Amino acid sequence: MVAPLPPHIQQEFQERGFSRRQIGRIGLVLGAGAVMAGMPWHRSRADTLPLGGVYPAGAILLNGNEFWTGPFPSALPAGQKALLNGNRYLTGKERQALVEAVATYDHIGPELVTPWPGSSDPLCRTVISFCSPTQGLVTSNPTYETVWGVAEWLQIPLTRVPLRPDNGYKTDVRAMLKADPHAGMYYICSPNNPTGTVTPLADIAWLARNIPEKAVLVVDEAYLHFSNAASAVSLLGSCRNLVVLRTFSKLFGMAGLRLGLSIAHPHLHDRMMRYDGIYQTTMLSVPAVSIGTDSLKDQSEIAKRRSETRQNRQVMQECLSHYGVRTVPSDANMLMADWRTAPGPIVKTFAQNNVIIGRSWDIWPTCSRITVGSASDVQVFCKAMEQVASLIK
Numbered sequence: 001m002v003a004p005l006p007p008h009i010q011q012e013f014q015e016r017g018f019s020r021r022q023i024g025r026i027g028l029v030l031g032a033g034a035v036m037a038g039m040p041w042h043r044s045r046a047d048t049l050p051l052g053g054v055y056p057a058g059a060i061l062l063n064g065n066e067f068w069t070g071p072f073p074s075a076l077p078a079g080q081k082a083l084l085n086g087n088r089y090l091t092g093k094e095r096q097a098l099v100e101a102v103a104t105y106d107h108i109g110p111e112l113v114t115p116w117p118g119s120s121d122p123l124c125r126t127v128i129s130f131c132s133p134t135q136g137l138v139t140s141n142p143t144y145e146t147v148w149g150v151a152e153w154l155q156i157p158l159t160r161v162p163l164r165p166d167n168g169y170k171t172d173v174r175a176m177l178k179a180d181p182h183a184g185m186y187y188i189c190s191p192n193n194p195t196g197t198v199t200p201l202a203d204i205a206w207l208a209r210n211i212p213e214k215a216v217l218v219v220d221e222a223y224l225h226f227s228n229a230a231s232a233v234s235l236l237g238s239c240r241n242l243v244v245l246r247t248f249s250k251l252f253g254m255a256g257l258r259l260g261l262s263i264a265h266p267h268l269h270d271r272m273m274r275y276d277g278i279y280q281t282t283m284l285s286v287p288a289v290s291i292g293t294d295s296l297k298d299q300s301e302i303a304k305r306r307s308e309t310r311q312n313r314q315v316m317q318e319c320l321s322h323y324g325v326r327t328v329p330s331d332a333n334m335l336m337a338d339w340r341t342a343p344g345p346i347v348k349t350f351a352q353n354n355v356i357i358g359r360s361w362d363i364w365p366t367c368s369r370i371t372v373g374s375a376s377d378v379q380v381f382c383k384a385m386e387q388v389a390s391l392i393k
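Using full-length UniProt numbering, the letters of the sequence shown correspond one by one to residues 1 to 393.
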C-alpha cells in the first residue's frame, strides 16, 4: 500500500497549483515502483513483447536498446565479491566509491553526483519537481516517452516539437523555447531515443541560457557513451539550471542490474529528493554499485564497445539501404527504419524468423526502432531481411 504524502509536502504541491487528485497521483509515482509499472508510460516496452511476455528460445532481441552482452569482464570480480556480502545493505563507503568514480570520469566535483536504481526514477522526479499545472514540459517528438507519460498522468501541460529532416532530425532548441517560453522543464535526450541523433553542445548551452529563470533543462545522456559527442556535464560550471541523467543499462550492459545517475547542482538534487528520494538513492544494489564503479575505470572497454557498435550499425544500415529502407543517421545503438508502410506485418515476419525488433512512435507510424546487436545478431537480422523485403513499399 502506498503511504500518503506528508502534509507539508502536500501543502507545497498545493501552493504550486496541483489539485488534490494530482497530488494523489504524485504520491503513486514517487512511492510505488510496482504501481508505476502499470501506468501508461510503462506500457510501451510491453508492446514489443510477444503474447504472454515471453520470447522464443534463442530469439535475437533488437527491441529494447540493451547491449548484446553483459557487464564489463574487468568489473565482474567486484560484483562477484559483493555477492558474498549480499546479506548486507549498501554502505556509505560503496556508494561514495561510485560517486568518486563518476566525478573522476567526468572531471567534476563529487557533490554534483547522485546515484539511483536506474535512471527512470530520477527522470520521473524531474517532471514532478520542476513542472506544475502552470509550468509545463517541452520535449522533441519522437523522443523517450517516460516524461510524456508522467506529464499526462499528472495533467501537466505537455508540448512536443517535431523533429525535422531539414534539421537532420536533431532537437531544435529554439523551436522548443518558442513553443512554450514559460515552461518549467525542457527535456533533451542526446543521443535521442529513438533516432540516435545528437543535439550539439552549443545548442544545449543556448537553451540553458535562454529558458525562464526558474525553469530547468534536463539532458538525458543514456546513450552518450556510444557517441564521441561532448557531455552536457561540461556546462555545469556556468549553468545551475541543468540536470544530466545517465544510466549503466546501455553500453555498460547492466540493464537488469538497475543503476543510474543524476548530475546536477545540490539545490536541484534537493528538490528531486523531496519525500522519499533519500531512500531511493541509498538503497541500491551492492553488486550493481560495485560493477558500475569498476566499469567507469575501464576506458579501453568503453572504447571497444563503442567501436563495435559503430561497425555493426554500419552493416545494419547498409543492409536496410540495400532493400530501399531509409534510416535516420544515428550516433547510438539504434536505427529508426522507415518501411513506408504499416510495420505490423514486417514486425511479425521478423518474429517468425526469430528476430524481435522494436516499436513505432505515433508521429512516425511507418517507422520501427531497431537496436544494434552483435555482429552475429546483425547477420541474422540481414538474413531475415530477405523474407521481409517483399513487404516493403
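Ideal Cβ positions, reconstructed from N, Cα and C, are used throughout, including at glycine.
Everything numeric in this text was worked out from a predicted model, so none of it was measured.
Rounded to whole angstroms, what is the Cα-Cα separation between residue i and residue j?
| i | j | result |
| --- | --- | --- |
| residue 287 | residue 293 | 10 Å |
| residue 65 | residue 252 | 12 Å |
| residue 387 | residue 136 | 45 Å |
| residue 160 | residue 86 | 44 Å |
| residue 151 | residue 224 | 25 Å |
| residue 348 | residue 75 | 38 Å |
| residue 256 | residue 153 | 26 Å |
| residue 381 | residue 275 | 46 Å |
| residue 303 | residue 79 | 22 Å |
| residue 343 | residue 354 | 16 Å |
| residue 393 | residue 320 | 13 Å |
| residue 272 | residue 129 | 6 Å |
| residue 62 | residue 306 | 17 Å |
| residue 95 | residue 277 | 15 Å |
Consult DSSP for residue i and reduce its assignment to one of helix, strand or coil.
| i | result |
| --- | --- |
| residue 437 | Lying before the first or after the last residue shown, residue 437 is absent from the chain, which here runs from 1 to 393. |
| residue 274 | coil |
| residue 174 | helix |
| residue 141 | strand |
| residue 151 | helix |
| residue 73 | helix |
| residue 361 | strand |
| residue 115 | strand |
| residue 207 | helix |
| residue 337 | strand |
| residue 95 | helix |
| residue 296 | coil |
| residue 316 | helix |
| residue 392 | coil |
Confirm the yes/no value for this check: CB of residue i, any heavy atom of the ligand NAP, distance under 6 Å.
| i | result |
| --- | --- |
| residue 349 | With respect to the ligand NAP, the structure shown offers nothing to examine, as it has no ligands at all. |
Considering residue i, what are the terminal residues of the alpha helix (DSSP H) in which it resides?
| i | result |
| --- | --- |
| residue 263 | Per DSSP, residue 263 belongs to no alpha helix (DSSP H); it is in the beta strand (DSSP E), 260 to 264. |
| residue 128 | 120 to 130 |
| residue 161 | It is not in any alpha helix (DSSP H) - residue 161 instead sits in the beta strand (DSSP E) that spans 158 to 162. |
| residue 9 | 7 to 15 |
| residue 346 | 344 to 352 |
My guess is that residue i and residue j are in contact by the Cβ rule of under 8 Å, so how many angstroms apart are they, rounded?
| i | j | result |
| --- | --- | --- |
| residue 389 | residue 350 | Going by Cβ atoms, the distance from residue 389 to residue 350 rounds to 12 Å, so no, they are not a contact pair. |
| residue 289 | residue 259 | 7 Å |
| residue 449 | residue 147 | Lying outside 1 to 393, the shown extent of the chain, residue 449 is not represented and no answer is given. |
| residue 360 | residue 367 | 6 Å |
| residue 56 | residue 280 | Wrong, their Cβ atoms sit about 35 Å apart, outside the cutoff. |
| residue 143 | residue 193 | 7 Å |
Where does the unbroken beta strand (DSSP E) through residue i begin, and where does it stop?
| i | result |
| --- | --- |
| residue 223 | Element bounds for residue 223: n/a, residue is neither H nor E. |
| residue 247 | 242 to 247 |
| residue 371 | 367 to 371 |
Three-pair Cβ contact test at 8 Å for the stretch 190 to 203 versus the stretch 230 to 237: yes
Inter-stretch contact at 8 Å, needing at least 3 Cβ pairs: the stretch 130 to 149 / the stretch 181 to 188: yes
At least 3 beta-carbon pairs within less than 8 Å: the stretch 369 to 380 vs the stretch 302 to 314: yes
Three CB pairs or more closer than 8 Å across the stretch 105 to 125 and the stretch 161 to 173: no
Cβ contact (3+ pairs, closer than 8 Å) linking the stretch 17 to 30 and the stretch 323 to 342: no
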